[in-house]
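Residue numbers (full-length UniProt numbering): 1 to 495. Beta carbons: idealized from backbone N, C-alpha and C, even for Gly. Please read these numbers as outputs of a predicted model, since none were measured by experiment.
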Amino acid sequence: IDYAIDGNGWTARRGDTFFEYDVYGRVQRAYRAGVVDIAYGYDDQSRLIWRRVGEEYFFRFFYAFPDRPYLLTHYARAGESLSTILYDEADAPFAVYSDGKYYALFLDGDGSVRFIFAPDGNTVKEIIHSPLGATITNRTDTFYFPLGYRQQFEDSVIGIVIMGPEARPYDTYAGRFMSVPITFATSRLDVFAPEFEADPFRAKPTQANTLRNFPLDLDRWMEMSGFTLSQVLPVMQKPNRNPNIHRLLNVPAELCAVSWNHVLCSAFCSVFQKTTHFRQLLTATSPLLLPASSSTPPFFHAPYYKASYSSSDSVGFRGMILSRHSPHKFEVVGHSTADDVKLDAFNALLKHSSLLNIAVNLSTLPTQIHFVTNATYDSLAVSKLEALFNVSSLDYLLLLQAGNTQLLFHLNDNPEIVKQAIIREQSNRIVSLIWEDETGRARSGALTRHSWTEAELSQLRKTGRVNGYEIQFRPGKTMSLLTNTHLWSFQRTAS
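Given below as structure tokens:
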């Protein structure tokens, strides 16, 4: 392509296409003799407000957000109704309302519009850009949408993009700006970025043109997958400085630590709360979304089970899938007929066992799943179970561990007794953790959960306890989840 420049060094011609500018460096007219003639108009803030294509088409553009004055929110072709562009909190367009219908917008890695889908799911528009922004494919170009490359106004007919608050024209064929804004002559020299002074037409590289560095943090992986933790999890508060409370709060970033392999598994682990409605997962998991009622005893019906998929050495990777057929019964199946034979001993144990619907985990690893069984230790084929798990036997308890998952079979046919014992044990651990956290706050001078007197604070710093107080679980009318530390409070005991 042959280029010609004017006295300012601005692009005056690209091939057989000619460009005209105003004093601010904004393109006013682009034309090919006898083929196309396009004119542009701007307001006093250098925002594009109209586009005219010959004598045939005239478009108007509007900006309705006072706090974000350069977001194009509405547009209309002469004689047609107004169309509205909807943006998310990151100022990325996600939908357009036109002719009484909502159309979904999908962006690529650079934020350029890639697909537009109709309400019935059909593809209305498909756009493929080159790394420099040129439109390679524009399927169904009868549907007009003004935004394109990097969410900026794109005129694919002439091959330019109007970018930024100064409306700089960008050449999608060369990957360079076509003119210099007036601020270039008035801005101070940045001695730490002399390349801008040496080449004022250069454009900053986009993600498509930069080296790909694979991220090491889970948040970035999830963002690359199309969502963020703040969108997936209802509460993303800062974890407490105390590491034990940090574990107690089930922080997803710790649960799916990057020190473990299998990035996909780690990402799936972090969205586990949103996937508990599936009937079959890689571990014994309740499909409940919420407790049956607020009066349900704590732990019996938890809104989610915490399970770890962050390691390749867990139940789901031992050649087995735990399938739930009733509220308390599970069956294990293998990935092949040969695997099913190996699992006979485990199925025999599950046949005589029932799941305890208790979700209690005070640490991220391992995940504990409790069963009650009427089988005896002598009746179990322990040698066959040892081929699948690390097996250990405690008092009235059979522990099967596979990686980050522990299956605990309580040798007791009374589930209520076992439940109450687990609740008492975990309640004591929670109370100890809260006292430890309160002591750490007092010693560091941070704000404590309870309003203590000076004498009580002194005793708390020295002994880690305050005489005459106990920690009680008081859910009130809220969801009765014992691991929610906000439902525990310090209460003065009767003297």
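Note to self: Check this for me: beta carbons of arginine 51 and tyrosine 42, under 8 Å apart or not?
What the structure shows: Position 51 of the sequence shown holds residue 51. Position 42 of the sequence shown holds residue 42. No, the Cβ-Cβ distance between arginine 51 and tyrosine 42 is not below 8 Å.
Checklist line | glycine 41: first and last residue of the uninterrupted beta strand (DSSP E) it sits in | finding: Residue numbering aside, residue 41 sits at position 41 when the sequence shown is read from its first letter. Taken as a continuous stretch (DSSP letters only), the beta strand (DSSP E) holding glycine 41 covers 36-42.
Checklist line | leucine 86 beta carbon less than 8 Å from that of alanine 95 | finding: For the purposes of this step, residue 95 is taken as the residue at position 95 of the sequence shown. For the purposes of this step, residue 86 is taken as the residue at position 86 of the sequence shown. At a Cβ-Cβ threshold of 8 Å, alanine 95 and leucine 86 count as neighbours.
Check: Is glycine 440 buried or exposed, if buried means 16 or more other CB atoms sit within 10 Å of its CB?
Finding: The count along the sequence shown starts at 1 and reaches residue 440 at position 440. In this structure glycine 440 is buried. Its beta-carbon is surrounded by 16 or more other beta-carbon atoms within 10 angstroms.
Check: Since valine 391 sits in a beta bridge, which residues does DSSP pair it with?
Finding: Taking the sequence shown and counting its residues from 1, the one referred to as residue 391 is at position 391. Residue pairing by DSSP places valine 391 opposite Leu400 in a beta bridge.
Next item on the list: Sort Ile369, Thr448 and Lys384 by Cα distance to valine 418 and report the nearest one.
Entry: The count along the sequence shown starts at 1 and reaches residue 418 at position 418. Selection Ile369, Thr448 and Lys384 evaluated against valine 418 yields Ile369 as nearest (Cα-Cα).
Next item on the list: Consult DSSP for tryptophan 435 and reduce its assignment to one of helix, strand or coil.
Entry: Working through the sequence shown from its first residue, we reach residue 435 at position 435. Note: tryptophan 435 maps to helix in three-state DSSP.
Next item on the list: For asparagine 404, count neighbouring C-beta atoms within 10 Å of its own C-beta (all shown protein chains included) and say buried if the count is 16 or more, exposed if not.
Entry: Within the sequence shown, residue 404 is the residue found at index 404, counting from 1. Classified as buried, asparagine 404 has 16 or more neighbouring CB atoms from the shown chains inside 10 Å of its CB.
Note to self: So for arginine 247, helix, strand or coil by DSSP?
What the structure shows: Working through the sequence shown from its first residue, we reach residue 247 at position 247. Residue placement at arginine 247 is poorly supported in this model, since its pLDDT is 42, which falls under 50; the coordinates are not used for a value here.
Notebook entry, point to check: Going by Cα to Cα distance, which pick from Arg220, Ala185, Arg176 and Thr186 is closest to arginine 202?
Noted result: As a first step, residue 202 is located in the sequence shown; it is residue number 202 there, counting from the start. Per the Cα distances, Arg176.
Margin query: Using 8 Å for Cβ pairs, my map puts lysine 342 next to alanine 387. What's the rounded Cβ distance?
Written below: Taking the first residue of the sequence shown as position 1, residue 342 is located at position 342. Taking the first residue of the sequence shown as position 1, residue 387 is located at position 387. Rounded, the Cβ-Cβ distance is 7 Å, consistent with contact.
Notebook entry, point to check: By a C-beta neighbour count over all protein chains shown, 10 Å radius and 16 as the cutoff for buried, is isoleucine 38 buried or exposed?
Noted result: As a first step, residue 38 is located in the sequence shown; it is residue number 38 there, counting from the start. Its Cβ being crowded by 16 or more others within 10 Å, isoleucine 38 is buried.
Item checked: residue 501 - DSSP class collapsed to helix/strand/coil -> What the structure shows of the chain is the stretch from 1 to 495, and residue 501 is not part of that stretch, so it cannot be assessed.
Item checked: For phenylalanine 346 and valine 332, the rounded distance between their alpha carbons -> Along the sequence shown, read from residue 1 onward, the residue named residue 332 stands at position 332. Along the sequence shown, read from residue 1 onward, the residue named residue 346 stands at position 346. Computed Cα separation, rounded: 8 Å.
Item checked: Own chain, CB closer than 7 Å to leucine 460, minus 5 neighbours either side, in chain order -> Within the sequence shown, residue 460 is the residue found at index 460, counting from 1. The beta carbon of leucine 460 sits closer than 7 Å to the beta carbons of Glu438, Thr439, Ala442, Trp452 and Val466 from its chain, once the five residues preceding and following it are set aside; these are given in chain order.
Note to self: Could you compute how far the alpha carbon of threonine 137 sits from the alpha carbon of phenylalanine 371?
What the structure shows: Stepping through the sequence shown from its first residue, residue 137 is reached at position 137. Stepping through the sequence shown from its first residue, residue 371 is reached at position 371. Put simply, the backbone Cα of threonine 137 is about 58 Å away from that of phenylalanine 371.
Item checked: Among Lys462, Leu411, Glu416 and Lys204, nearest to residue 526 - alpha-carbon criterion -> Given a span of 1 to 495 for the chain in the structure shown, any question on residue 526 remains unanswerable.
Next item on the list: For alanine 381, collect the residues of the same chain with a Cβ closer than 6 Å to its Cβ; drop the 5 residues on either side in sequence, then sort them by chain order.
Entry: Along the sequence shown, one-based indexing puts residue 381 at 381. For alanine 381, where only same-chain residues beyond five positions count, the Cβ hits under 6 Å are Ala345.
Note to self: Counting C-beta neighbours from all protein chains within 10 Å, is the total for tyrosine 75 16 or more, i.e. buried, or is it exposed?
What the structure shows: By one-based count along the sequence shown, residue 75 stands at place 75. So tyrosine 75 ends up on the buried side.
Margin query: To the nearest angstrom, how far is the alpha carbon of serine 489 from that of serine 444?
Written below: Residue 489 sits at position 489 when you count from the first residue of the sequence shown. Residue 444 sits at position 444 when you count from the first residue of the sequence shown. Rounded to whole angstroms, serine 489 to serine 444 spans 21 Å at the Cα level.
Next item on the list: Please report the Cβ distance between leucine 48 and isoleucine 162, rounded to the nearest whole angstrom; I am assuming they are in contact, meaning their Cβ atoms lie under 8 Å.
Entry: Residue numbering aside, residue 48 sits at position 48 when the sequence shown is read from its first letter. Residue numbering aside, residue 162 sits at position 162 when the sequence shown is read from its first letter. With 8 Å as the limit, leucine 48 and isoleucine 162 qualify as a contact, their Cβ atoms being about 6 Å apart.
Margin query: For serine 98, tell me which candidate among Glu80, Thr123 and Ile1 has the shortest Cα-Cα distance.
Written below: Along the sequence shown, read from residue 1 onward, the residue named residue 98 stands at position 98. It is Glu80.
Notebook entry, point to check: Given arginine 68, which residues of its chain have a CB within under 7 Å of its CB, disregarding the five upstream and five downstream residues?
Noted result: Counting from 1 along the sequence shown, the entry for residue 68 is found at position 68. Counting only Cβ-Cβ distances below 7 Å, and skipping sequence neighbours, we find Asp91.
Notebook entry, point to check: Who are the Cβ neighbours of aspartate 16 in its own chain at under 6 Å, not counting the five residues just before and after it?
Noted result: By one-based count along the sequence shown, residue 16 stands at place 16. Counting only Cβ-Cβ distances below 6 Å, and skipping sequence neighbours, we find Arg32.
Notebook entry, point to check: Helix, strand or coil: which one does DSSP assign to valine 382?
Noted result: One-based indexing of the sequence shown puts residue 382 at position 382. Here valine 382 sits in helix by DSSP.
Next item on the list: Go to leucine 356, then tell me how far its alpha helix (DSSP H) extends in each direction, as first and last residue.
Entry: Taking the sequence shown and counting its residues from 1, the one referred to as residue 356 is at position 356. Leucine 356: not part of any alpha helix (DSSP H); DSSP gives it neither H nor E.
Next item on the list: Quick one: using the 10 Å Cβ neighbour count with 16 as the cut-off for buried, is serine 130 buried or exposed?
Entry: On the sequence shown, position 130 is the one that residue 130 refers to. Exposed, because fewer than 16 other Cβ atoms sit within 10 Å of the Cβ of serine 130.
Margin query: Does glutamine 406 pass the burial test, meaning 16 or more other C-beta atoms within 10 Å, or should it be called exposed?
Written below: The residue you call residue 406 lines up with position 406 of the sequence shown. That one is buried.
Check: Closest to isoleucine 471 by CA distance: which of Gln491, Phe19, Ser379 and His450 is it?
Finding: Within the sequence shown, residue 471 is the residue found at index 471, counting from 1. Distance check between isoleucine 471 and each of Gln491, Phe19, Ser379 and His450 places Gln491 closest, using alpha-carbon atoms only.
Notebook entry, point to check: Taking the continuous beta strand (DSSP E) assigned at serine 83, which residues delimit it?
Noted result: Counted from its first residue, the sequence shown places residue 83 at position 83. Its beta strand (DSSP E) spans residues 83-87.
Note to self: Cutting at 8 Å between CB atoms, please list the residues of its own chain near glycine 464, excluding the five before and the five after it.
What the structure shows: By 1-based counting over the sequence shown, the position of residue 464 is 464. Once the five neighbours on either side are set aside, the close Cβ partners of glycine 464 are Trp435, Glu436 and Thr439.
Margin query: Restricting to Cα atoms, I'd like to know which of Tyr102, Ser156, Val23 and Arg26 is closest to valine 53.
Written below: The sequence position of residue 53 within the sequence shown is 53, counting from 1. Here the closest residue by C-alpha is Ser156.
Note to self: On the CB-based measure, 16 or more other CB atoms within 10 Å of its CB, does phenylalanine 19 come out buried or exposed?
What the structure shows: As a working note, residue 19 is residue 19 in the sequence shown. With 16 or more other CB atoms across the displayed protein chains lying within 10 angstroms of its CB, phenylalanine 19 is buried.
Margin query: Please state whether the Cβ-Cβ distance between aspartate 199 and arginine 14 is less than 8 Å.
Written below: Reading the sequence shown from its first residue, position 199 is the one you call residue 199. Reading the sequence shown from its first residue, position 14 is the one you call residue 14. No.
Next item on the list: Ignore the nearest five residues each way along the sequence and tell me which others in serine 354's own chain have a CB closer than 6 Å to its CB.
Entry: On the sequence shown, residue 354 is found 354 positions in, with the first residue counted as 1. Non-local C-beta neighbours of serine 354 in its own chain, meaning closer than 6 Å and more than five positions away in sequence, comprise His328 and Val372, ordered along the chain.
Next item on the list: Out of Ile158, Pro146, Lys125 and Ala104, point me to the one whose CA is closest to phenylalanine 62's CA.
Entry: As a working note, residue 62 is residue 62 in the sequence shown. Here the closest residue by C-alpha is Pro146.
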